[in-house]
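Heads up, the numbering used here is the position in the sequence shown plus 40, with the first residue counted as 1.
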Amino acid sequence: DGTSHLSASTIPNCRAYDPCYAYELALIVEDGMRRMVTEQQDVFYYVTVMNENYAQPTLPDGAREGVLRGMHRIRSVPNPKVRLLGAGTILREAIAAADLLLAEHGIEADVFSVTSFTELRREAITLERKADDARSMAHPWIAHQLPVNGLPVIAASDYVRAVPDLIRPWIGDRYITLGTDGFGRSDTRAALREFFGVDRKSIASAALAAIER
Numbered sequence: 041d042g043t044s045h046l047s048a049s050t051i052p053n054c055r056a057y058d059p060c061y062a063y064e065l066a067l068i069v070e071d072g073m074r075r076m077v078t079e080q081q082d083v084f085y086y087v088t089v090m091n092e093n094y095a096q097p098t099l100p101d102g103a104r105e106g107v108l109r110g111m112h113r114i115r116s117v118p119n120p121k122v123r124l125l126g127a128g129t130i131l132r133e134a135i136a137a138a139d140l141l142l143a144e145h146g147i148e149a150d151v152f153s154v155t156s157f158t159e160l161r162r163e164a165i166t167l168e169r170k171a172d173d174a175r176s177m178a179h180p181w182i183a184h185q186l187p188v189n190g191l192p193v194i195a196a197s198d199y200v201r202a203v204p205d206l207i208r209p210w211i212g213d214r215y216i217t218l219g220t221d222g223f224g225r226s227d228t229r230a231a232l233r234e235f236f237g238v239d240r241k242s243i244a245s246a247a248l249a250a251i252e253r
């Protein structure tokens with residue numbers, strides 16, 4: 041299943057999402073029902089949810105637009121040195137990696153929840169097609185969320201690295217992706233995430249390496 045979101049990205053009317061939290065899922069389902077049932081749009085949704093038990097935060101103020109457009113910031117710090125992107129349940133590993141970086145290295149990190157790499161890419165491509173030239177192109181959502189500022193960006197998901205790589209052309213700073221490339225395995229969640237390099241320690245290590253360059 042590590043390639044399912046990559047496959048979904050090739051279908052023009054498929055809206056693919058990989059939410060982490062219940063409020064994200066609720067917003068996506070509500071929007072999907074409106075578009076498919078009320079407005080009768082020619083779209084369908086592919087949404088991946090997990091059965092891992094963890095605490096569910098409340099909907100942050102102003103998060104709705106970001107959830108539906110593909111990403112929103114869930115942690116903002118005064119002096120970030122790196123930006124961490126997490127999709128699906130791996131968002132929790134990104135948050136834990138940010139805590140690890142601060143506790144062990146004194147490094148602050150902004151953290152973003154990416155609900156859909158596909159939607160981010162689709163919007164950016166659409167704006168490129170509409171623009172007469174690069175100077176007249178409207179800024180896509182990803183550019184608003186991740187402006188060029190010299191801070192590296194680390195993205196991790198439960199899918200192959202080609203999924204977070206979908207947005208690489210629109211990230212102006214150093215961009216490192218982590219994913220579950222390779223054959224499937226059977227083990228505990230913690231062991232699998234460590235093996236594929238999408239656990240908190242792997243994310244923190246990637247962040248440190250990017251900062252040092």
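Each residue gets a CB set at the ideal place from its N, CA and C atoms; glycine is no exception.
For Ser153, there is no enclosing alpha helix (DSSP H); the enclosing beta strand (DSSP E) covers residues Glu148 to Val154. DSSP places His112 inside the beta strand (DSSP E), whose first and last residues are Met111 to Arg115.
If the five residues before and after Glu234 are omitted, its C-beta is found closer than 8 Å to the C-beta atoms of Lys241 and Ser242, all from its own chain and listed in chain order. Annotation note: the stretch 62–113 contains the following uninterrupted beta strand (DSSP E) runs of length 3 or greater, listed N- to C-terminal: 84–87. Within 10 angstroms of the beta-carbon of Asp101 lie fewer than 16 other beta-carbons, which makes it exposed.
In this structure, Tyr85 keeps its C-beta atom at 8 Å or more from the C-beta atom of Tyr61. Here Arg169 carries a helix assignment [DSSP, helix/strand/coil].
Residues of the same chain with a CB within less than 8 Å of the CB of Gly190, apart from the 5 flanking positions on each side, are Asp213 in chain order.
Ile243 carries a helical assignment under DSSP once its states are collapsed to helix, strand and coil. In the DSSP annotation of this structure, the continuous segment of the alpha helix (DSSP H) that includes Ile182 starts and ends at Trp181 to Gln185. Annotated as proximal: Leu160 and Met111, with beta-carbon spacing under 8 Å. Judged by beta-carbon spacing, Asp150 lies beyond the 8 Å limit of Arg109, meaning their Cβ atoms are not closer than that value. Residue state for Thr43 is assigned as coil, using DSSP reduced to three classes.
Taking 8 Å as the cut-off, the beta carbon of Thr155 is found closer than this to the beta carbon of Glu64.
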